[in-house]
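Visitor:
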Amino acid sequence: MIKLKMMVHQYKQYIIISLVVFTCSKGFAQTNGDLDSIGANAEEKINIAFDTQTPEEISSSVSVVRGEELRKTFAPNLANTLYGRLGGLMIEQRGNEPGNDSPGLYVRGVNSFGGAGTAPIIVVDGIESSFEQLVSYEIESITLLKDASATAIFGNRGANGVLLVTTKRGSTGELQVNFTAQAGVQQAMRLPEFLNSYEYANLYNEGLENDGIAPAFSEEELQKYRSGSDPYLYPDVNWYDQVLRSNAPVANYNLNFGGGDDNVTYFASLNALSNGGLYKKTGDRSENSLNANYERYNIRTNVDIQLAKRISASIGLGGSVEEKSTPAANTTNDIFNSMSILPPNSFPVYNEDGSYGGNSLFTNPLGDILESGFFTSSGRTLQSSFRLNGDLDQITPGLEMTTALSYHTSFVSYSNKTREYERFHVSQNNSGETVYTRFGQNTQLEGDEDESDQWQNLTFQTFFNYMKNIGDYNLDAMVKLHYKNFTIIGPSEYYPNDGSVFPYENAGVSGRFTNTFREKYIGEITIGYHGSENFAKKNRFGIFPAVSLGWILSEEDFFKGGSAVDFLKLRGSFGIVGNENVGGERFMFEPTFPGSSGYYFGGSNTYDGGIVQGRPANPGFTWEKDRQINFGLEATLFNKLDIVVDYFNRNRFDILVPAYSEIPAFIGQEYPFLNVGESKSYGVDASVEIKSNPTNRFGYFVKTNFWFARNEIKYNAELPQRESYLYRSGQPVNQPYLLETLGFFTDEDDIANSPEQVFTEVQPGDIKYKDQNDDGVIDNADFYPSGKRNIPEFNLGVNAGISYQGFYLDCFIQAVTGRSVYLGGSYYHAYQNDAKVSSIALGRWRPENSNSATYPRLSSSNNENNFQPSTFWQRDGSFIKLRSIELGYQLPARITQELRMKDVHFFINGSNLFSLDHLEYSDPETLSGYPAVRTISAGTSIQF
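If you want it as structure tokens, here you go:
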């Protein structure tokens, strides 16, 4: 509680400072301009990490998206607005529940394995930080650094790519105010289709018959399920209808301010977001529950001050306050799991006397969210930075120095209130009397309140930038000194043996030198010298060099004059970067003794304790290294068609893996981890954009981003395998291994003439598998690399728009292929663990439809043969999704002038409206749990 009070007090000061800055700034001189373009325009230089360059000067591989483009996708989490918008960036959807919707990020595919980190570094305004809590209204641009030349400046942290987030800053001009309000609803895109009670019971009888067991339901009982004549003894409950609502509200409100004069410029942003969950409003019906809701409030203030002729300062303050409430638990995965397995005829929602239904196997999903308690959490984040910029022309013209100090922190507290409640199973005795059997009892709410996450990040940086034109040479040099201290506070401090209480530290010096000759020949050298606390002293620091070259052919004399090619540049880069997030335990260069053991001595069998040595130390423990080659082409044709194409080839080595094949088993200890793993990857990413002349009354644009990436494990130090195809080496990272399906057994002769399947005794209608090694037996040696991974190999994003006389239409479509998904669990495996069955089982095998069956014969419970991991349950995970579409209208200038406004427009927006895919029963990105959602909203934006 003391820490919480300190955080609240800290944020009160922060909010007061922000309001003071805004209030004071209202008196500064200002000029007209679009707020969305404060501090930026079409010719603005691109952020390349701690420096900027024009697009013509860049010889490395980067992709850029503007903040206003991201607003077209209405998503509470900023990362979920990036689908398909940055060439080379893949986003893996991992959740859809409000407040628990963080996706996975991958740059140019997955390039490591064995537990190493694969996510890119996120850098916000030059400081490594999180960015999911930010909103698009405070974002100027997001730049993706993809090759070694762009990321070597991050040294041993740049191998997985870098995402640079630049927030808006002010520019000289009059005060500009922009207010945007947007509200709408979210709906489940696709819910599983489970069979009703009659179908469930009828097919269950069939499964029992197939298993040689007498039917469980009589014909009379089946007819009662069908007619619904006795809903208490013979219920038919669709639990998704009972627990979920069809629409959940979502709203977003944003207020931006900006302006300044020659001495001070400022930008301020206030944002409020509210996102209701798909659950019914249980908090309105029970004092033991709360409504599902997620709220977040963002604030940002960026101020630049000219302190003296040669000295300026920049102050950046950004923060968010998150409040989340859910019925039952932190995440409601258990609720969805319960709804997916609970048979529809188990019990009614409410019994005839008004009590909750239930039995010994299952709880009541609606009762769980109404009566079992609730979870609330409160999160606070703060991003603060101070920069002092000095002009050192008195030493040498073109030299500047910047010193930056930042403090980022996050704190999340929670309150988990739980209780038990009564459920009753209703039956009839032999006399026809109704009998109520109680399960559970009503108890008082009990609280568990603590902090679930707290960390702080302190960063110190000093830069020296030098720019000089010497004849035909344009020189640009930068040197950076860096130190970062990341400390986890909170629950981790109670587990000192895992090393979590020790700060994560990274320090080093980096440099970049760029030389452009005659504005057509570009050479750049980048080098990073970085170290981490996680490695032994002799291995703590390393050098990470990179070089890139560019040639602007369109500046050559033979290209000038009447050519359709307005701009053409070739570029290439080579370098080595590292990944310090190698996985495993911290400080592997030191021996550990994590366990205890002992021995019983003498006739009295007296026990003496002792300790057990853990995994052997590895003094040479080091980071991963990635050797990268990149070749690129940039072109502009007919003054309207822009093309960028990159080919990359990467070799990741020194990957940390258990040394199964390196050290014999008779050492009598756990296998140590060694840096001996290796992988390679290659691919292409490209973008093509065509747009109309901005002076045309009818405007249009089409922008596409495409990327392809493929990888392979070169070496994995594996244990010896029975068959060559069982080795992971030579296969893609995370390659699925499955039994290959040959169809269904047709009859007993087919079973007798096929290899023996050892998992259980098979019958006609069971799945038949291929004998990969021809040994006459189907067992674990027959699992074969099959299909693709969950991360796609191909990704395409298409953003297109038209405008005419104030009306505009903007849409964004994403398509992916080279991806497989697996249908597992109770959604697809009928009667598994006494669970329900979905409509997929209607195509089950029976003797009369053996040639057209799409599902194996039914069993009354787990079928050890049919539910083996196999290609039968694997599906093509390709899809085409309409990620966003917006229709808007901008009021004519004469009307806005009469209203004393600068701009007013109205819009209707849709996100994730539909999906074209190969799955009938679920969304290809969300196979279970909280469903994928579509959002439909309307709003207005007003600029004063």
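Residue numbers (our numbering): 9 to 952. All C-beta atoms, glycine included, are put in the ideal place defined by N, C-alpha and C.
I need the DSSP call for P553, collapsed to helix, strand or coil.
Guide: strand
Visitor: Around the C-beta of Y938, are 16 or more other C-beta atoms found within 10 angstroms, so that it is buried, or is it exposed?
Guide: buried
Visitor: Could you have a look at T862 and say whether DSSP puts it in helix, strand or coil?
Guide: coil
Visitor: From what residue to what residue does the beta strand (DSSP E) around G805 run?
Guide: F802 to Y812
Visitor: Starting from I903 and walking both ways along the alpha helix (DSSP H), at which residues does that stretch end?
Guide: Counting along the chain, the unbroken alpha helix (DSSP H) around I903 starts and ends at A901 to E906.
Visitor: Let me know the secondary structure DSSP gives D977 once reduced to three states.
Guide: This structure gives no information on residue 977, because the portion of the chain shown stretches from 9 to 952.
Visitor: Using only alpha-carbon positions, find the residue among T522, E756 and L390 that is nearest to S157.
Guide: T522
Visitor: Less than 8 Å between the CB atoms is what I'm expecting for N88 and N587, so what's the real figure, rounded?
Guide: That belief does not hold up - the Cβ atoms of N88 and N587 are roughly 25 Å apart, past 8 Å.
Visitor: In angstroms with no decimal places, state the Cα-to-Cα distance between E64 and I560.
Guide: Within the model, the alpha-carbon separation for E64 versus I560 is close to 8 Å.
Visitor: Drop a sphere of 10 angstroms on the beta-carbon of Y114, count the other beta-carbons inside from all chains shown, and report buried for 16 or more, exposed for fewer.
Guide: buried
Visitor: Hey, how far is the Cα of F952 from the Cα of V912?
Guide: 9 Å
Visitor: Would K20 be called buried (16 or more neighbouring beta carbons within 10 Å of its own) or exposed?
Guide: Confidence at K20 is low in this model, with a pLDDT of 38, below 50, so its placement is unreliable and the value that follows should be read with caution. With fewer than 16 Cβ atoms within 10 Å of its Cβ, K20 is classed as exposed.
Visitor: Going by DSSP, what residue range makes up the beta strand (DSSP E) through Y137?
Guide: The amino acid occupying residue 137 in the given sequence is Ser; Tyr does not appear at that position. Unbroken run through S137: none, as it is neither H nor E.
Visitor: Throw me the rounded Cβ distance for the A336 and D376 pair, which I believe falls under 8 Å.
Guide: Indeed they touch by this definition, with Cβ atoms about 5 Å apart.
Visitor: Taking only runs of the beta strand (DSSP E) that begin and end inside the stretch 726 to 760, which ones reach a length of at least 3 residues, in chain order?
Guide: Within the stretch 726 to 760, the complete beta strand (DSSP E) runs of at least 3 residues are 749 to 752.
Visitor: Taking the beta carbon of G851 as the centre, do at least 16 other beta carbons fall within 10 Å, making it buried, or is it exposed?
Guide: exposed
Visitor: With H, G and I counted as helix, E and B as strand and the rest as coil, what does DSSP make of W853?
Guide: coil
Visitor: Determine whether the beta carbon atoms of T339 and D312 lie at a separation below 8 Å.
Guide: No, these two residues do not count as a Cβ contact at 8 Å.
Visitor: Buried or exposed: L924, going by 16 or more other Cβ atoms within 10 Å of its Cβ?
Guide: Flag for L924 reads exposed.
Visitor: So is L740 buried or exposed if we call it buried at 16+ other beta carbons inside 10 Å?
Guide: The amino acid occupying residue 740 in the given sequence is Pro; Leu does not appear at that position. Buried, because 16 or more other Cβ atoms sit within 10 Å of the Cβ of P740.
Visitor: DSSP puts I848 in a beta bridge; with which residues?
Guide: Under DSSP, no beta-bridge partner is assigned to I848.
Visitor: Within this structure, are the beta carbons of R942 and Q195 separated by less than 8 Å?
Guide: yes
Visitor: With a CB to CB cut of under 8 Å and the five nearest residues on each side skipped, what residues in its chain are close to P106?
Guide: P84, N283, G284, G285, A300, N301, Y302 and K332
Visitor: Whole-angstrom Cβ separation of G591 and G166, contact assumed at under 8 Å?
Guide: Their Cβ separation, rounded to whole angstroms, is 17 Å, which puts G591 and G166 out of contact at 8 Å.
Visitor: What is the residue span of the alpha helix (DSSP H) that T341 lies within?
Guide: Contrary to the premise, residue 341 reads as Asn rather than Thr in this sequence. Residues N341 to I349.
Visitor: Is Y240 near K232, with beta carbons less than 8 Å apart?
Guide: Going by C-beta atoms, Y240 is not nearer than 8 Å to K232.
Visitor: Ends of the beta strand (DSSP E) at A321?
Guide: I319 to P335
Visitor: Pick from N397, N713 and S418: whose alpha carbon is nearest that of A316?
Guide: N397
Visitor: Note down, in chain order, each residue of its chain lying with its Cβ closer than 7 Å to the Cβ of V1012, except the 5 sequence neighbours on either side.
Guide: Residue 1012 cannot be examined here, being either before or after the span of the chain that is shown, 9 to 952.
Visitor: Which stretch, first to last residue, makes up the alpha helix (DSSP H) that contains Q250?
Guide: W247 to V251
Visitor: Looking at the secondary structure, which residues open and close the beta strand (DSSP E) in which Q391 lies?
Guide: G381 to D399
Visitor: Restricting to Cα atoms, I'd like to know which of S346, R304, N367 and I319 is closest to G327.
Guide: R304
Visitor: Check the C-beta distance from V118 over to N807 and give it rounded, since I have them as a contact under 8 Å.
Guide: Not really, about 26 Å apart at Cβ, beyond 8 Å.
Visitor: Can you list, in chain order, the residues of its chain with a C-beta nearer than 6 Å to that of R74? Leave out the 5 residues immediately preceding and following it.
Guide: S149
Visitor: Taking P373 as the reference, which of E408, T417, R431 and S421 has the closest Cα?
Guide: R431
Visitor: Applying the criterion that 16 or more other CB atoms from any shown protein chain within 10 Å of the CB defines a buried residue, is A849 buried or exposed?
Guide: Under this definition A849 is a buried residue.
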